[in-house]
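Heads up: the structure comes next, in structure tokens.
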Amino acid sequence: MYTDARVGNFIYLPTSLETADLAKAEIYRVLAAKYRFDPEDRRALSIWDTRENQRITDNIALGIQMFLGIIGALTLFVGGMGVANIMYAVVKERTREIGIKMALGAKARQVMAPFVLESMFITGAGGALGTLVSLSIITIIAMLPLQGEAFDLMGKPTFSPAIAIATSLILGAVGMFAGYFPARRAASINPAESLRYE
Amino acid sequence: MIEMTAIRKVYSTGRMEVEALKGVNLTIGRNEYVSIVGPSGSGKSTLMNLIGCLDTPSTGTYLLSGENVAGLDRNHLAEVRNKKIGFVFQSFNLLPYATALENVALPLLFAGISDKKCNERAKEMLERVGLGDRIDHKPTELSGGQMQRVAIARALANNPAIILADEPTGNLDSASGHVIADLFGELHAAGQTIVMITHDNGLAKIASRSVHIRDGGIVEDNAAIPRTSRRRSGPSYANSIPPRPSIP
């Protein structure tokens, strides 16, 4: 390859992924026998295995995904806590109204339902707003004539209906829980006391 | 209708225990018009809460239309309140964001009746109390007397066994008080059982029986005048309070 016509390196392609390790071992065995070095000596002959590179890249991508996932989960949790707090405040504010409804014969589920529905509505509206914002960002980025290594590596953002549905379901669950606990408190209020509440 | 035996109610406030009712025995029959009279702190509100199934007694038995309601859980108590008791409060307790019709329909909705039937029945009740032309008005658009009539229509919605009124004229001027008192008189004449908590002696006198309560016990229970003779010559609310102011 260079000046003295010796082979400095060569590229080989195993016939399949399954035979890659076997091929690698075989190359070490054959060349070690021919050039008289220890087949276990990785310094005598180094092989650049592209699968290892792929593995490292995959692990980095997985790490980034996990990091983003944790941030997303924490954001949802904090958001859920925020909604639950609002709902607790709403329950307190409507103590008298809850008392009136109970006096008129509202059962626990009839007292709870409006709070759970309201909480789900708040998170639902937040989710819809978030989807609209993300769609707008995706459209704007697609319209911009951006070039660069980052876009080559990461690709341009696209809208994924599957992720949108999964997020909606998670948001629905967060909304339900954020409403359920304050609603349960509302239903446990003593009607006689809540009617006196100012 | 109402049979309370040895009813005690004890409130625990930290280390102290307050006995609000000390073994009350009270029986109220069908179509009675009973006023429960007593000063502040006498236990009359506690008694009202127990009669209205808003609270449960510490000990004793309470039979309402033959059913022992003293040991029922919250949901069953809610059902009893919905079906058997119609509340009229001093401060009306209407939902401010709902129209008169929606307010009256509320106990019907809780009973699981369809929207259409709820609205029909609510409209009928509002017409019965003379507010057929105010069905779409919100409480803020009504006078005190009208709000109380909406509350009475709401109390009547589920055709309850008892109307339980807590100082129903307490927040009203005398003219509106007249109208409400007359309305109760009409309901009683039509066969409705009414229990009214009041400290207004004038209002208490128009009831056919007044029960006086003090320090957590009944100190006086008198059926003033039999209902049949009361209709002809008994006291009326008009004779017991200052005359209605003339409107120029």
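Protein sequence lines, in the order shown, are assigned to chains A and B. If you count by our numbering, then the first sequence holds residues 140 to 337, one letter each, in order. If you count by our numbering, then the second sequence holds residues 750 to 997, one letter each, in order. In this text, a Cβ means the ideal position worked out from N, Cα and C, and glycines have one as well.
Among the candidates the options, whose CA atom is the shortest distance from the CA of residue i?
i	options	result
B/Ala-902	B/Lys-954, B/Thr-762, B/Leu-843 and B/Ile-777	B/Leu-843
A/Leu-268	A/Glu-236, A/Ser-307 and A/Ile-225	A/Ser-307
B/Arg-877	B/Asp-864, B/Leu-891, B/Gly-861 and B/Asn-908	B/Asn-908
B/Thr-754	B/Lys-793, B/Arg-764 and B/Leu-775	B/Leu-775
B/Gly-940	B/Glu-781, B/Glu-766, B/Ile-800 and B/Ser-789	B/Glu-781
B/Arg-958	B/Ala-930, B/Glu-969 and B/Ser-789	B/Glu-969
B/His-948	B/Leu-799, B/Ile-756 and B/Gly-792	B/Gly-792
A/Met-241	B/Tyr-760, B/Gln-897, B/Asn-950 and B/Leu-857	B/Leu-857
B/Pro-937	B/Gly-815, B/Leu-799, B/Gly-919 and B/Ile-911	As written in the sequence, residue 937 of chain B is His, which differs from the Pro given in the question. Nearest option by C-alpha distance: B/Ile-911.
B/Ser-925	B/Asp-931, B/Phe-859 and B/Gly-894	B/Gly-894
B/Val-759	B/Asn-817, B/Asp-804, B/Cys-867 and B/Gly-919	B/Asp-804
B/Asn-950	B/Thr-918, B/Asp-964 and B/Val-928	B/Thr-918
A/Gly-266	A/Trp-187, A/Asp-180, A/Phe-176 and A/Gly-219	A/Gly-219
B/Thr-848	B/Asn-824, B/Cys-867 and B/Arg-883	B/Arg-883
A/Thr-262	A/Phe-216, A/Ala-171, A/Asn-148 and A/Ile-210	A/Phe-216
A/Arg-248	A/Gly-294, A/Asp-180, A/Glu-179 and A/Arg-324	A/Arg-324
A/Thr-270	A/Ala-164, A/Trp-187 and A/Leu-310	A/Leu-310
A/Ile-328	A/Asp-177, A/Glu-232, A/Glu-165 and A/Ile-203	A/Glu-232
B/Pro-778	B/Asn-798, B/Gly-790 and B/Gly-815	According to the sequence displayed, residue 778 of chain B carries Gly and not Pro. Cα-wise, what sits closest to B/Gly-778 is B/Gly-815.
A/Asn-148	A/Leu-201, A/Leu-170 and A/Thr-196	A/Leu-170
B/Asp-1000	B/Ser-794, B/Thr-762, B/Arg-764 and B/Gly-790	Look at the range of chain B in this structure, 750 to 997, and you will see that residue 1000 of chain B is not part of it.
B/Arg-870	B/Phe-859, B/Ile-955, B/Gly-934 and B/Val-853	B/Val-853
A/Glu-257	A/Ala-322, A/Val-146, A/Ile-195 and A/Gly-208	A/Ala-322
A/Ala-252	A/Arg-182, A/Phe-320, A/Trp-187 and A/Glu-288	A/Phe-320
B/Asp-964	B/Arg-764, B/Ser-789 and B/Ile-756	B/Ser-789
B/Gly-879	B/Val-928, B/Leu-855, B/Phe-859 and B/Asn-920	B/Val-928
B/Leu-952	B/Leu-921, B/Gly-966 and B/Phe-859	B/Leu-921
B/Arg-823	A/Gln-204, A/Ala-200, A/Ala-305 and A/Lys-246	A/Lys-246
B/Lys-954	B/Leu-932, B/Leu-891 and B/Ala-972	B/Ala-972
B/Glu-828	B/Phe-859, B/Ile-967 and B/Leu-855	B/Phe-859
B/Lys-837	B/Leu-932, B/Ile-962, B/Val-960 and B/Leu-826	Reading off the sequence shown, one finds Val at residue 837 of chain B, where the question assumed Lys. Ranking B/Leu-932, B/Ile-962, B/Val-960 and B/Leu-826 by Cα distance to B/Val-837 puts B/Leu-932 first.
A/Ser-299	A/Leu-285, A/Ser-273 and A/Ala-289	A/Ser-273
Please report the Cβ distance between residue i and residue j, rounded to the nearest whole angstrom; I am assuming they are in contact, meaning their Cβ atoms lie under 8 Å.
i	j	result
B/Val-944	B/Leu-913	5 Å
B/Asn-831	A/Gly-238	Not confirmed; about 14 Å, so no contact.
A/Tyr-167	A/Leu-156	The Cβ separation is near 18 Å, so there is no contact.
A/Ala-162	A/Tyr-174	A/Ala-162 to A/Tyr-174, Cβ: 18 Å. No contact.
B/Gly-861	B/Ile-834	Actually they do not touch by this definition, with Cβ atoms about 17 Å apart.
B/Thr-810	B/Asn-817	6 Å
A/Phe-254	A/Met-282	Not quite, the Cβ-Cβ distance comes to about 42 Å (not below 8 Å), so this is no contact.
B/Lys-872	B/Leu-850	6 Å
B/Glu-752	B/Leu-812	4 Å
B/Ile-946	B/Met-750	Contact flag wrong, Cβ pair sits at about 17 Å.
A/Ala-351	A/Val-250	Because residue 351 of chain A is not part of the residues shown, which for chain A are 140 to 337, the question remains open.
Report yes or no: is there a C-beta of chain E within less than 8 Å of the C-beta of residue i?
i	result
B/Arg-830	No chain E is present in this structure, whose protein chains are A and B.
Check whether the Cβ of residue i lies closer than 7 Å to any heavy atom of the ligand COA, and answer yes or no.
i	result
B/Arg-883	Annotation note on the ligand COA: not contained in the displayed structure, which lists no ligands.
Closer than 8 Å is the cut-off here; do at least three beta carbon pairs connect the region 274-293 of chain A with the region 773-792 of chain B? Because the criterion of three Cβ pairs below 8 Å is not met, the region 274-293 of chain A and the region 773-792 of chain B do not touch.
Check whether the region 326-336 of chain A and the region 758-777 of chain B are in contact - that is, three or more C-beta pairs closer than 8 Å. no
Relative to chain B, which residues along the region 234-246 of chain A have a C-beta separation below 9 Å, given in chain order? Flagged, chain order: Arg-235, Glu-236, Gly-238, Ile-239, Lys-240, Met-241, Ala-242, Leu-243, Gly-244, Ala-245 and Lys-246.
Residues, ordered as in the chain, of the region 298-331 of chain A that lie near chain B by beta-carbon distance below 9 Å: Ala-326, Ser-327, Asn-329, Pro-330 and Ala-331
Please name the residues in the region 856-867 of chain B whose beta-carbon is closer than 9 Å to at least one beta-carbon of chain A, in chain order. With the criterion set as a beta carbon lying under 9 Å from some beta carbon of chain A, the members of the region 856-867 of chain B are Pro-856, Leu-858, Phe-859 and Ala-860, in sequence order.
Residues within the region 248-271 of chain A neighbouring chain B, beta-carbon criterion of under 7 Å: Within the region 248-271 of chain A, Gln-249 place their CB atoms closer than 7 Å to a CB of chain B, listed in sequence order.
Using a Cβ-Cβ cut-off of less than 8 Å, give me the residues of the region 880-893 of chain B that come near chain A, in sequence order. Hits within the stretch: zero.
At a cut of 8 Å, does the region 312-322 of chain A reach the region 883-899 of chain B through at least three beta carbon pairs? no
Contained alpha helix (DSSP H) runs [length at least 4] in the region 760-828 of chain B, N- to C-terminal order: Taking only runs of at least 4 residues, the alpha helix (DSSP H) segments lying wholly in the region 760-828 of chain B are 793-800.
What residue ranges within the region 184-256 of chain A form continuous alpha helix (DSSP H) runs of no fewer than 4 residues, ordered along the chain? 189-232 and 234-242
Unbroken stretches of the alpha helix (DSSP H), 4 residues or longer, contained in the region 294-328 of chain A: 300-326
Runs of 4 residues minimum, wholly inside the region 250-291 of chain A: which ones carry the alpha helix (DSSP H) assignment? none
Given 8 Å as the limit, is there contact between the region 836-853 of chain B and the region 893-902 of chain B, that is, 3 or more CB pairs closer than that? yes
Please identify, using Cβ separations under 7 Å, the residues of the region 804-826 of chain B that lie next to chain A, in order along the chain. Asp-804, Arg-823 and Asn-824
Could I get the ranges of all uninterrupted alpha helix (DSSP H) runs contained in the region 847-907 of chain B, with 4 residues as the minimum, in chain order? 849-859, 864-877 and 893-905
Residues of the region 759-771 of chain B in Cβ contact with chain A at a cutoff of 9 Å, in chain order, please. none
To be precise: take each residue of the region 198-213 of chain A, compare its Cβ to all Cβ atoms of chain B, and keep it if any distance is under 9 Å. Which residues remain? Correct list: empty, as no residue qualifies.
Under 7 Å, CB to CB, which of the residues in the region 783-800 of chain B have a partner in chain A? Cβ contacts with chain A come from Asn-798.
Listed in chain order, which residues of the region 842-853 of chain B have Cβ atoms closer than 7 Å to some Cβ of chain A? Cβ contacts with chain A: Asn-842 and Leu-844.
Which of the residues in the region 925-939 of chain B, read from start to end, lie with their CB under 8 Å from any CB of chain A? none
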